[in-house]
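Chemist: Residue numbers (my numbering): 1183 to 1423.
Structure incoming, see below.
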């Protein structure tokens, strides 16, 4: 069995060929194997025990024993283990705690949450799907839980190809934002007759006589200093209007 956390799918494989896929639910707390973390472990494992043969769909289990109660799918306020249990044993260092953490593939009454992470570490399935899977595999069956998509595996690619499903195209990268124009500092223009314009309007030109001349919007103006402040007048200093 191949289980994809990204796809929230379990793919049953026999002799390297995909057989059937099921929607599942992994941990809502993420991935990991630390005891008490309530996370789903990654890597290769095996089915160590199968529990629940012959129990009706929705049969409630407590400590792997049937209680006699049977729940319908999506029973309000209830979230026990139901229908079937396949207890997993880790075979790698990254999942060595799986068995003693009671990591199962099992049925859930919360079928509306299948297809998105919602469990406390186990692999949840719909009751009809866990019964079908339970009847197809035996103790010792290999389980591999991967972080990525089934498209990253040969078996997954063959399975999706048989269904006419193509991998989603990677999202286009957004175009880089244009570089901001370099900031330029422009000192405010001095006032004419004490009036400060809203933007610089003065042009400095060479008069050819060794003395620069200035214009404001094409009109000659004459610089002078008043109270230590440079201003421009419409007439040379000392001449009346």
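Even for Gly, the Cβ is constructed at its ideal location relative to N, Cα and C.
When the distance is taken between beta carbons, is residue 1240 closer than 9 angstroms to residue 1301?
Modeler: For the purposes of this step, residue 1301 is taken as the residue at position 119 of the chain shown. For the purposes of this step, residue 1240 is taken as the residue at position 58 of the chain shown. Going by C-beta atoms, residue 1301 is not nearer than 9 angstroms to residue 1240.
Chemist: Under DSSP, the alpha helix (DSSP H) around residue 1312 begins and ends at which residues?
Modeler: For the purposes of this step, residue 1312 is taken as residue 130 along the chain shown, with counting starting at 1. Element bounds for residue 1312: 1309 to 1318.
Chemist: Taking contact to mean 3 or more Cβ pairs, one atom from each stretch, closer than 8 angstroms, check whether the segment 1219 to 1237 and the segment 1284 to 1302 are in contact.
Modeler: The segment 1219 to 1237, when compared against the segment 1284 to 1302, does touch it at the 8 angstroms Cβ threshold.
Chemist: Can you tell me the Cβ-Cβ gap for residue 1276 and residue 1224, rounded? I've got them flagged as a contact below 8 angstroms.
Modeler: Translated into the one-based positions of the chain shown, residue 1276 becomes position 94. Translated into the one-based positions of the chain shown, residue 1224 becomes position 42. Between residue 1224 and residue 1276 the Cβ distance is about 6 angstroms, and since that is below 8 angstroms, they are a contact.
Chemist: Please classify residue 1280: is it buried, with 16 or more other beta-carbons within 10 angstroms of its beta-carbon, or exposed?
Modeler: In the chain shown, counting from the first residue as 1, residue 1280 sits at position 98. With 16 or more other Cβ atoms within 10 Å, it is buried.
Chemist: Is the number of C-beta pairs between the segment 1318 to 1335 and the segment 1184 to 1199 that are closer than 8 angstroms three or more?
Modeler: The segment 1318 to 1335 vs the segment 1184 to 1199: in contact.
Chemist: Just the C-alpha distance for residue 1218 and residue 1295, rounded to the nearest angstrom, thanks.
Modeler: Numbered from its first residue, the chain shown carries residue 1218 at position 36. Numbered from its first residue, the chain shown carries residue 1295 at position 113. Roughly 23 angstroms separates the two Cα atoms.
Chemist: Would residue 1341 and residue 1192 qualify as a contact pair, given that the criterion is a beta-carbon distance under 9 angstroms?
Modeler: Taking the first residue of the chain shown as 1, we reach residue 1341 at position 159. Taking the first residue of the chain shown as 1, we reach residue 1192 at position 10. The answer is no: Cβ separation not under 9 angstroms.
Chemist: Using CA atoms only, rank isn't needed, just tell me which of 1216, 1273, 1306, 1249 is closest to residue 1324.
Modeler: Stepping through the chain shown from its first residue, residue 1324 is reached at position 142. The candidate whose alpha carbon is nearest that of residue 1324 is 1273.
Chemist: So the alpha helix (DSSP H) residue 1338 belongs to, where does it begin and stop?
Modeler: Here residue 1338 refers to the residue found at position 156 of the chain shown. Note, residue 1338: alpha helix (DSSP H), 1336 to 1344.
Chemist: For residue 1297 versus residue 1205, is the C-beta spacing smaller than 9 angstroms?
Modeler: Within the chain shown, residue 1297 is the residue found at index 115, counting from 1. Within the chain shown, residue 1205 is the residue found at index 23, counting from 1. Contact: yes.
Chemist: State the Cα-Cα distance for the pair residue 1343 and residue 1200, rounded to the nearest angstrom.
Modeler: Mapped onto the chain shown, residue 1343 falls at position 161. Mapped onto the chain shown, residue 1200 falls at position 18. Straight-line Cα distance between these residues: approximately 11 angstroms.
Chemist: Have a look at residue 1382 and residue 1405 and give me their C-alpha separation to the nearest angstrom.
Modeler: Start at 1 with the first residue of the chain shown, and residue 1382 comes out as number 200. Start at 1 with the first residue of the chain shown, and residue 1405 comes out as number 223. Low confidence applies here, because residue 1382 scores a pLDDT of 47, under 50, leaving its location unreliable; read the following figure in that light. Using only the alpha carbons, I get a separation of about 15 angstroms.
Chemist: Consult DSSP for residue 1303 and reduce its assignment to one of helix, strand or coil.
Modeler: To locate residue 1303, count along the chain shown from 1; it is residue 121. In the structure shown, residue 1303 sits in coil (DSSP, three-state: anything other than H, G, I, E or B).
Chemist: Enumerate in chain order the residues of its own chain whose CB-to-CB distance from residue 1212 is below 7 angstroms, with the five nearest sequence positions on each side excluded.
Modeler: Here residue 1212 refers to the residue found at position 30 of the chain shown. Excluding residues within five positions, the ones whose Cβ falls inside 7 angstroms are 1221.
Chemist: Whole angstroms is fine: what's the gap from residue 1197's alpha carbon to residue 1318's?
Modeler: Counting from 1 along the chain shown, the entry for residue 1197 is found at position 15. Counting from 1 along the chain shown, the entry for residue 1318 is found at position 136. Answer to the nearest angstrom: the Cα atoms are 13 angstroms apart.
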